[in-house]
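Inspection log for the structure reproduced underneath, given as C-alpha cells.
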Amino acid sequence: MAMLDFINRMLGKEPASKNIAKERLRLVLVHDRATISPHMLNQLKEDLIKVISNYMEIDENALEVNLNQDDREVALIANIPIIKMKRDYSARG
Amino acid sequence: MGEVIVVTSGKGGVGKTTTSANIGTGLAAAGHKVVLVDTDIGLRNLDVVMGLENRIVYDIVDVTSGTCRLKQALIKDKRFENLYLLPAAQTKDKTAVNVEQMKALCDELRKEFDYTIVDCPAGIEQGFRNAIAGADRAIVVTTPEVSAVRDADRIIGLLEAADLRNPRLIINRIRPDMVKRGDMMDISDIIDILAIDLIGVIPDDESIVISTNRGEPAVMDHSSRAGEAYRRITRRIQGEEVPLMNLDAPEGFMDKLKRFFGMK
Chain A
1 MAMLDFINRM
11 LGKEPASKNI
21 AKERLRLVLV
31 HDRATISPHM
41 LNQLKEDLIK
51 VISNYMEIDE
61 NALEVNLNQD
71 DREVALIANI
81 PIIKMKRDYS
91 ARG
Chain B
1 MGEVIVVTSG
11 KGGVGKTTTS
21 ANIGTGLAAA
31 GHKVVLVDTD
41 IGLRNLDVVM
51 GLENRIVYDI
61 VDVTSGTCRL
71 KQALIKDKRF
81 ENLYLLPAAQ
91 TKDKTAVNVE
101 QMKALCDELR
111 KEFDYTIVDC
121 PAGIEQGFRN
131 AIAGADRAIV
141 VTTPEVSAVR
151 DADRIIGLLE
161 AADLRNPRLI
171 INRIRPDMVK
181 RGDMMDISDI
191 IDILAIDLIG
201 VIPDDESIVI
211 STNRGEPAVM
221 DHSSRAGEAY
231 RRITRRIQGE
241 EVPLMNLDAP
251 EGFMDKLKRF
261 FGMK
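Taken in sequence, the protein lines are chains A and B. Taking this note's numbering, I'd label the letters of the first sequence as residues 1 to 93. Taking this note's numbering, I'd label the letters of the second sequence as residues 1 to 264.
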C-alpha cells in the first residue's frame, strides 16, 4: 500500500482522502471494539474446547485465551496444551 | 401506548438537537401527539432550536424532583398544539437526574404521547445513561467524518449493551460534491463500518443554519433539501417505506423560481 501511495504521489496523484479515512477508521475500531467482556471471553473458551475436542484431547485447565494489542493489530492468542491426538482414520486411505 | 425514541451520537455538534427538533415537528405535523425532551442538563438548546426559549418556566429537574407537576413544565409549541417541549435545566448539572427518575418520567410520557423524542447530550456519562434509560428505540446521528463515525461505533456498542437493539443510523451533512471527488466517505462506506440499518441521509444544507436562526425547524420549509430529508425520516419512523433522497437531485421548481427572481 505504501508503495502504491508513493507511485501515485510521483505521478502527482494523491490517494482519495476517503480511503485514508476508511483505513484509519478500520484500524481504530478494531482497537475500540477489542474490549471484550470476561463473559464473552469465557464463552469463546468453551466453544473452542468443544470444537478442538473433536480432534484432540486437550488440557482444559491449562488453556489460555487472550486478546493481545499493539499499535498495528489486535490478535487473539490461544495457548492450548495437547494431551493426546485422536487417531485420524481417513488419513490412512 | 406511545413510543420513546432517543436521539444520540456520542460526539457533539453532529446534529442531535436539530434532528430531534425536526423529527418531533415532522411527527406532530403528521398529526401525532409528540413531546420533545431535552436531557442536556446545563447546556440546553432544544428550546432555542424550537424557538420556545421565552416560554420556559419549569424544567426537567423541577419535574423529577417534584417541584412541579409534569403538565406545568410542558411548553406548548407555537405552530402545533399537539407538540410539546420539556426543557432541560440550565443551572444544574447532569447528576441532578438519575436513571430511575428518567425511567419513571418516560413511563408517564408514554401514556400521554404517541411519540416521546429524547434529545441526548454528547458524551457517554451520566447524561447519556439517563437519556437512554427509558427509551424503546434509538436513532444514532453521525456525519461522514472519522471522529463522528468512531464515536457512533462506541455509542452503538453501549446501546446494545443496554439492550437497546437495532439502533437506526442518520448520516448528516453529506456533501455530494466531496463524495464524488473521493474526499468524503459515502453512505455505503459508513454503513459497512458501523453495520447498522440506515433510517436517513441529510445533505449539508445552509437552510438548517437559517431555520435555526429563526427558531423554526427546517422540516416545515418545503424548499429546504434538509427539510425534505427529515420529512422522509419522519415517514420511515411511522413505518412507511420511503426511498432514500437523491442527493444529486436537480434543484426543485421553487429553487429555480427563486433563482429566476434573484432571491437565491
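Backbone N, C-alpha and C define an ideal beta-carbon position, used for all residues, glycine too. Quick caveat, the model's predicted, so the values are computed rather than measured.
Residue range of the beta strand (DSSP E) that includes residue i
i: Gln69(A); result: 64 to 69
i: Thr36(B); result: Per the sequence shown, residue 36(B) should be read as Leu rather than Thr. Start and end: 34 to 38.
i: Leu86(B); result: 83 to 86
i: Leu76(A); result: 74 to 79
i: Ile117(B); result: 115 to 119
i: Thr8(B); result: 3 to 8
i: Glu57(A); result: 56 to 58
Under 9 Å between C-beta atoms of residue i and residue j
i: Asp119(B); j: Asp183(B); result: no
i: Thr212(B); j: Val14(B); result: no
i: Tyr115(B); j: Val35(B); result: yes
i: Asp93(B); j: Gly51(B); result: no
i: Leu105(B); j: Thr64(B); result: yes
i: Ile196(B); j: Ile156(B); result: yes
i: Arg225(B); j: Ile199(B); result: no
i: Arg150(B); j: Val51(A); result: no
i: Arg129(B); j: Pro167(B); result: no
i: Ala30(B); j: Gln238(B); result: yes
i: Leu25(A); j: Ile208(B); result: no
i: Arg232(B); j: Ala16(A); result: no
i: Ser147(B); j: Lys11(B); result: yes
Close beta carbons around residue i, own chain, < 6 Å, minus the five adjacent residues each side
i: Lys103(B); result: Ala133, Gly134
i: Gln72(B); result: Tyr58
i: Phe80(B); result: Ala28
i: Asn79(A); result: Glu64
Same chain, Cβ closer than 7 Å to residue i, neighbours up to 5 away in sequence not counted
i: Lys33(B); result: Asn82, Phe113, Asp114
i: Ile83(A); result: Glu57, Ile58, Asp59
i: Arg55(B); result: Ile75
i: Leu70(B); result: Val63, Glu108
i: Gln271(B); result: Residue numbering for chain B in the displayed model covers 1 to 264; residue 271(B) lies beyond these limits and cannot be assessed.
i: Arg175(B); result: Met184, Asp204
i: His31(A); result: Gln69, Val74
i: Val96(B); result: It is Ala, not Val, that sits at residue 96(B) in the sequence shown. Closer than 7 Å at Cβ, skipping near neighbours: Ile41, Val61, Ala89.
i: Val179(B); result: Asp186
i: Ala162(B); result: Ile132
Cut-off 8 Å between Cβ atoms - residues of its own chain near residue i, not counting five sequence neighbours on either side
i: Gly127(B); result: Thr39, Asp40, Ile41, Lys94, Cys120, Pro121
i: Glu53(B); result: Asp47, Gly215
i: Arg44(B); result: Asp38, Asp59, Pro87, Ala88, Ala89, Gln90
i: Ile49(A); result: Ile58, Glu60, Leu63
i: Ile5(B); result: Ile23, Tyr115, Thr116, Ile117, Val118, Ala135, Asp136, Arg137, Ala138, Ile139, Ile237
Residue i, enclosing alpha helix (DSSP H) - first and last residue
i: Arg137(B); result: Element bounds for Arg137(B): not the alpha helix (DSSP H) but the beta strand (DSSP E), 137 to 142.
i: Lys86(A); result: Premise fails: Lys86(A) is in no alpha helix (DSSP H) and is neither H nor E.
i: Met102(B); result: 99 to 112
i: Met40(A); result: 38 to 52
i: Asn32(A); result: For clarity, residue 32(A) is Asp in the given sequence; the question names Asn instead. Counting along the chain, the alpha helix (DSSP H) containing Asp32(A) begins and ends at 17 to 33.
i: Ile23(B); result: 16 to 29
i: Ile132(B); result: 126 to 133
i: Gln72(B); result: 70 to 73
Query - 4 or more residues per run - each alpha helix (DSSP H) lying fully within the stretch 159 to 237 of chain B - result: 176 to 181, 187 to 194, 206 to 214, 225 to 237
Query raised in the report: Three or more beta-carbon pairs under 8 Å between the stretch 109 to 129 of chain B and the stretch 170 to 177 of chain B, yes or no?
Result: no
Requested in this report: Please specify which runs of the alpha helix (DSSP H), each continuous and at least 4 residues long, are wholly inside the stretch 38 to 67 of chain B, giving them in chain order.
Outcome: 46 to 50, 60 to 64
Query raised in the report: Touch check for the stretch 17 to 30 of chain B and the stretch 213 to 222 of chain B: three-plus C-beta pairs under 8 Å?
Result: yes
Requested in this report: Answer yes if the stretch 56 to 67 of chain A comes into contact with the stretch 36 to 45 of chain A, meaning at least three C-beta pairs across the two stretches below 8 Å, and no otherwise.
Outcome: yes
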